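Protein chains: 2
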Amino acid sequence: MTPLLYLVPVLGIVGLIVMFAKAGWVNRQDAGSSDMQEIANAIAAGALAFLKAEWRVLIVFGLAVAVLLAFSGTLVENSDWVIGVAFAIGAFISALAGYIGMNIATKANVRTSQAGRTSLAKALSVSFTGGSVMGIGVASLAVLGLGSLFILFYHLYVGETGNVNGLEMEKALEVLAGFSLGAESIALFARVGGGIYTKAADVGADLVGKVEAGIPEDDPRNPATIADNVGDNVGDVAGMGADLFGSYVATTLATMVLGREIVSTGDNANGIAPIALPMLIAGLGLVFSIISMAFVRVSDDNGSVQKALNIGNWGSIILTAIASFPLVKWLLPSGTMSIRGVEFVSEDVFHSILLGLVVGAIMSAVTEYYTAIGKRPVRSIVQQSSTGHATNIIGGISVGMESTVIPIIVLATGIFLSYKFAGLYGVAIAASGMMATTAMQLAIDAFGPIADNAGGIAEMSHLPEEVRGRTDVLDAVGNTTAATGKGFAIASAALTSLALFAAFCGTAGISSIDIFKADVLAGLFVGAMVPFIFSSLAIAAVGRAAMKMVEEVRRQFREIPGIMEGTAKPEYDKCVAISTQASIREMVAPGLIALLVPVIIGFLFGPEVLGGTLAGVTVSGVLLGIFQNNAGGAWDNAKKSFEKGVDINGTIYYKKSEPHKAAVTGDTVGDPFKDTSGPSMNILIKLMSIVSLVIAPHIAVQKHEASKAPVPPKVVLVAKK
Amino acid sequence: MTPLLYLVPVLGIVGLIVMFAKAGWVNRQDAGSSDMQEIANAIAAGALAFLKAEWRVLIVFGLAVAVLLAFSGTLVENSDWVIGVAFAIGAFISALAGYIGMNIATKANVRTSQAGRTSLAKALSVSFTGGSVMGIGVASLAVLGLGSLFILFYHLYVGETGNVNGLEMEKALEVLAGFSLGAESIALFARVGGGIYTKAADVGADLVGKVEAGIPEDDPRNPATIADNVGDNVGDVAGMGADLFGSYVATTLATMVLGREIVSTGDNANGIAPIALPMLIAGLGLVFSIISMAFVRVSDDNGSVQKALNIGNWGSIILTAIASFPLVKWLLPSGTMSIRGVEFVSEDVFHSILLGLVVGAIMSAVTEYYTAIGKRPVRSIVQQSSTGHATNIIGGISVGMESTVIPIIVLATGIFLSYKFAGLYGVAIAASGMMATTAMQLAIDAFGPIADNAGGIAEMSHLPEEVRGRTDVLDAVGNTTAATGKGFAIASAALTSLALFAAFCGTAGISSIDIFKADVLAGLFVGAMVPFIFSSLAIAAVGRAAMKMVEEVRRQFREIPGIMEGTAKPEYDKCVAISTQASIREMVAPGLIALLVPVIIGFLFGPEVLGGTLAGVTVSGVLLGIFQNNAGGAWDNAKKSFEKGVDINGTIYYKKSEPHKAAVTGDTVGDPFKDTSGPSMNILIKLMSIVSLVIAPHIAVQKHEASKAPVPPKVVLVAKK
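So the sequence lines, in the order shown, correspond to chains C and S. So in UniProt numbering, spot 586 of the first sequence is number 586, and the numbers just go up one at a time. So in UniProt numbering, spot 228 of the second sequence is number 228, and the numbers just go up one at a time.
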């Protein structure tokens, strides 16, 4: 091993120290009046109640799977019972990442409202620092966890043998895959559960509050308003934190597994350079994300928040790209390397990293185009709102489907080129490059819901109009970053899945997945169907839970006297309880589908059919993910367009006009698309790939020697007479 | 060759004679009052105007492609310039099939209204006979065209050589593929153009007529009502006729191409039994469909129309299945056959045929479950209509996505088992079995829009209430048969595509499609995206055209005095012109995508990447097809449920209630789903496969000898020291 590897966990610890410092700063900010604090405490309590309820379910599930994995690990030679422990650690850290995010978000929200009384600059500072705590926390935990576990497993399995490309290393990485599986499993449940929670509350609150009772959003008279604000924290913050933690780990792991297969002539890391590289790039990305966060500031109320975020984002990306060049050059062998027959040199690896960054940037840009106010797609939905609800829906679905074209072509080109550069390692390292600045990405993503909450608190505690104006500026930017973040997530998931998929094939001992075989093609069909049933379950769950919420809110309006006059307080906790119970119950079925389908198909039909299934899941999941995220985002902003008035055939329409009502319908349909099922797609496809990778040794078609075994003797064909 | 083959075109001619007899019978029925005839003539004129406009565009396109094909056919040894002629014939017959259907439908509609004045039995008799004319016509033309062209090409290329498994036969079948390409190309344009036409008129008429002006459906005061009724004929009749003609030909052809590859020891058809079998089964199916049509009758007004149709349908299926056993047994070799390494005997082929029939039946049954009034899926949408437009839409989307599960599992099982039975030939012959009773299927399908039109004419010419009641009974059954027909169409398309796909691989000289290769996987992604952009274009086209229609109808209501009082006639022809122009213009882009994508990918990236693309198109097209068809059907019947009143939480809601308005929104969204983009999916996937098959000789990786070439000498591996 190389001492350089110790740098990885050290960087993780440094990140955690920075995180604590930033969290301390946020906590020291003014938390406002007692009214504001009371509301904030109710939100925090609701969020914590959800997390506790969720954990109660997940701890049972987690322990069961950990035991099962530990047992199964003893059955094959290239795994170990330790995989169960790795799984538990991954699951625990994933839950912890969600908790850290939610904890800081429920503190930063009210402090952002209070800061909004002074200036936009101050409000941005508080909300973005809150987001940064989560971003740095998630990335640091990932780097620390992966780095230290890899070092541990290296010593445990490879150790003295020094056989860094053999069965020993394969075993170390297989056990490490358990860590990733733990992380991604929790991520799926957190994303789906949180997504159902937040949208049930949001849709329920809107349907009765805005549409039936005619009271504004976040009005304290609406019994579902606290649940709605809790939802932002458990779905958009805790769910997203677990999601990106899982992605980050999965991407890095997949690259490491493929790195083991690289045949080379020696490097500067005692032969493990290709395995160490993704972890070191992750470490670099963390450092430059932290540095670039200093750039995110606006001078006064006229500063452009979007521009400030862009500077920070691009700063971290460019710095990481520049720094990775000497790292790649120095670390990797100077000669030719090869993986599964594709030859490449260190520059090719660097080009793959750059390509990953470019693909991620284009995906984000396309997403922004399709969901931004004033651009052609959203404008077309606005126009189609003039002829009613139905044409608005048709318009949104059409825009969402159209929005798949460029991302898919970009993605296909990315796969094609990164493979040309450096084979499957190129594809994987492109994803690693894309994910390197996760800390910054997540900080930008998480600041949105914090600002959203801050606006809600400002409304509920009757702060001056200008405060809400400032939080609205932040919130609007947050909507855009949420959309672009999703485009980015799905791109990285596609590349990561492909890498995991390749790792799976290696471990399962298959060298091709031939869809020309009927059984593999049947697997492809079944796999492609999974994202449909998954989405169906998630969307239906939101619909059902929202209907319960509607009934409860209607009941309270009916039965609690004085509620509409503001003289009696609604029973917020009842609504919180409805969202909590519904989301916990409804997250189980989609989660189990994701976990069980690969196991059932793998054991019944073998690895090649499972490979076909994974390809189906990936392709269909990416398409449905892009479709749902972008349709939802476009509907949302079509509705928002009415706030300033829109011109339809020469007439200006505002809120409460008939076309606006149609636009509200579209937004409500889009809510579960963009915040429940859509963003779950990227976890779904990665989780199913990781499950397959973990079971691969059990369903392998043949015991195979590690791929750096001596090159077999050349063969010639001789015809037998 | 075997003289038996001459039976195929003879059966086609017999079919055409029966068709003319039935058409004559329909024409001799009473066409009703002059009022009724005037309306019927307006509908017929509008439909003919559309077909003429469509043909003007398609003739240019068709000639261009024919010339291009003829030229390309001279470039490779296993094709010929005659392929251009075959293409032109296929295109012409496809257009003719559409014309025949539309012509009889526009005569049967008014005669069904008139017959409805007497009894339900009589009305069913007229409308079903009208549908039968189309069904028999389409199937007869297919059998006649395929049979006579095959005989011709056999004499042209194989002739004296007698080499029925070599390059000569490959050439004959390749040229015959041109016929299928012509048929399927026209089918796509007809389906998409007709689908846009009918839904633009329907949505436009409903949005202004029902929703804004509050007048009933088919009210003569609505300027779009003639266009709406024309739409039923050009979309649901002419479009569907061309569609099923194309499917029928493609399925038979694919089986013939694979049949050539079968290695056997001699049969009762001079070595071409596996090639002749699908044509003979098609002939059998035609005969038994005609016979079973006699069973479709109800005794009086209380008879069950659905039951009568079921008896006819199952009669034809069971008779065909029984008769195919001795045919298969006698025709095929008694010994073992093999295709690409899979060995089988004649019983296995029979089992595949049976399996195809079972898969088709299950697909239809599942479709019926998901779209029928009173069943759980439609009931859930009804319930979700109580909380508004948005939850109705969420409910429908969720139901549509869920409805993919069982069909995909059934289909995957069908692929898996039929392959086990008889290799790729088994998959293809299963599709042939499923399609054998196309004449009956189409008769049942086409009677629906005839009954729908009859109801419209009854309404517009103010016939007594009871007449509309009788046509409504027929129309309701027609809605169910339309839905199940689509389930059937998508199942057969999936199997056919797989067979074409296999035929393509054979001709292109590739023996695997390894999605583990990065470029093939990239192709899979791009292919899976095509149905999304195709659907997006089709849906958006309906939205745009409907908006134009809405504006025109609003203008007429505003500018023509006396229109609402019924004293002035609306300008029906303006609306007809809008639908015609819009649909012709908007059908071009999706059509070109389907035709050009395989050509571009095939020539740029080669056959294996194209294979990946085809797999992507097929999987994603099948899923989106099922999703869109069933969501649309479920929304439609959720809306219809309100006619008799629905119970939501103890309250009974009827038409014009708030939940009903939400249900109307869902129905309108579902219209382009189920009648434009959804049913186009099955043509899309087949057309792209046929295009690939036709270009296969040009992009083949190697010149290859026909697969029945002498077995190559065995090889052994010898290590070179």
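The beta carbon of each residue, even a glycine, is placed where N, CA and C say it ideally should be. Every value quoted in this text rests on a predicted model; they were computed, and no experiment measured them.
According to DSSP, residues forming a beta bridge with residue i
i	result
residue 338 (chain S)	S:263 and S:343
residue 646 (chain C)	C:653
Best match in the options for proximity to residue i [C-alpha to C-alpha]
i	options	result
residue 124 (chain S)	S:40, S:304 and S:612	S:304
residue 61 (chain C)	C:135, C:188, C:25 and C:29	C:188
residue 226 (chain C)	C:43, C:366 and C:217	C:43
residue 428 (chain S)	S:503, S:460, S:205 and S:391	S:503
residue 501 (chain S)	S:695, S:362 and S:267	S:695
residue 164 (chain C)	C:15, C:341 and C:276	C:276
residue 686 (chain S)	S:243, S:439 and S:69	S:243
residue 634 (chain C)	C:186, C:419 and C:393	C:393
residue 632 (chain S)	S:173, S:557 and S:368	S:368
residue 39 (chain S)	S:219, S:421 and S:699	S:219
Backbone secondary structure at residue i - three-state DSSP
i	result
residue 252 (chain C)	helix
residue 514 (chain C)	strand
residue 569 (chain S)	coil
residue 294 (chain C)	coil
residue 563 (chain S)	coil
residue 117 (chain C)	coil
residue 715 (chain C)	Legend: pLDDT at residue 715 (chain C) = 39, less than 50; position of this residue unreliable, value from coordinates given subsequently. Three-state DSSP puts residue 715 (chain C) in a strand.
residue 77 (chain C)	coil
residue 428 (chain S)	helix
residue 437 (chain C)	coil
residue 19 (chain C)	helix
residue 721 (chain C)	For residue 721 (chain C), the predicted structure reports a pLDDT of 36, less than 50, and the residue's modelled location is therefore unreliable. A value from the coordinates is still provided. It is coil, neither helix nor strand.
residue 68 (chain S)	helix
residue 162 (chain S)	coil
residue 333 (chain S)	coil
residue 2 (chain C)	coil
residue 445 (chain C)	helix
Continuous alpha helix (DSSP H) assignments of at least 4 residues falling wholly in the stretch 578-639 of chain C: Counting only runs of 4+ residues, the alpha helix (DSSP H) found wholly inside the stretch 578-639 of chain C occupies 588-605, in chain order.
contact_flag[the stretch 380-396 of chain C, the stretch 638-657 of chain C] where n(CB pairs < 8 Å) is 3 or more: yes
Within the stretch 180-239 of chain C, ranges of the alpha helix (DSSP H) (whole runs, at least 4 residues): 225-231
Validate contact between the stretch 274-292 of chain C and the stretch 5-14 of chain C using beta carbons, cut 8 Å, 3 pairs: yes
Ranges of the beta strand (DSSP E) found wholly within the stretch 340-415 of chain S, counting only runs of at least 3: 342-344
Three or more C-beta pairs below 8 Å linking the stretch 232-251 of chain C and the stretch 401-416 of chain C: no
The stretch 462-475 of chain C / the stretch 656-672 of chain C touching (three or more Cβ pairs under 8 Å): no
Contact between the stretch 614-624 of chain S and the stretch 527-536 of chain C (3+ Cβ pairs under 8 Å): The way I'd put it, the stretch 614-624 of chain S does touch the stretch 527-536 of chain C; three or more beta-carbon pairs between them come closer than 8 Å.
Inter-stretch contact at 8 Å, needing at least 3 Cβ pairs: the stretch 20-36 of chain C / the stretch 124-134 of chain C: yes
Any alpha helix (DSSP H) of 4 or more consecutive residues that is wholly inside the stretch 460-543 of chain S: 465-508
Three or more C-beta pairs below 8 Å linking the stretch 478-494 of chain S and the stretch 586-597 of chain S: Touching, no, given that fewer than three Cβ pairs across the two stretches are closer than 8 Å.
Meets three-Cβ-pair contact criterion under 8 Å: the stretch 539-548 of chain C and the stretch 549-556 of chain S: no
Inter-stretch contact (C-beta, 8 Å, three-pair minimum) for the stretch 444-462 of chain S and the stretch 102-122 of chain S: Yes, the stretch 444-462 of chain S touches the stretch 102-122 of chain S.
Cβ contact (3+ pairs, closer than 8 Å) linking the stretch 349-359 of chain S and the stretch 474-481 of chain S: These segments do not touch.
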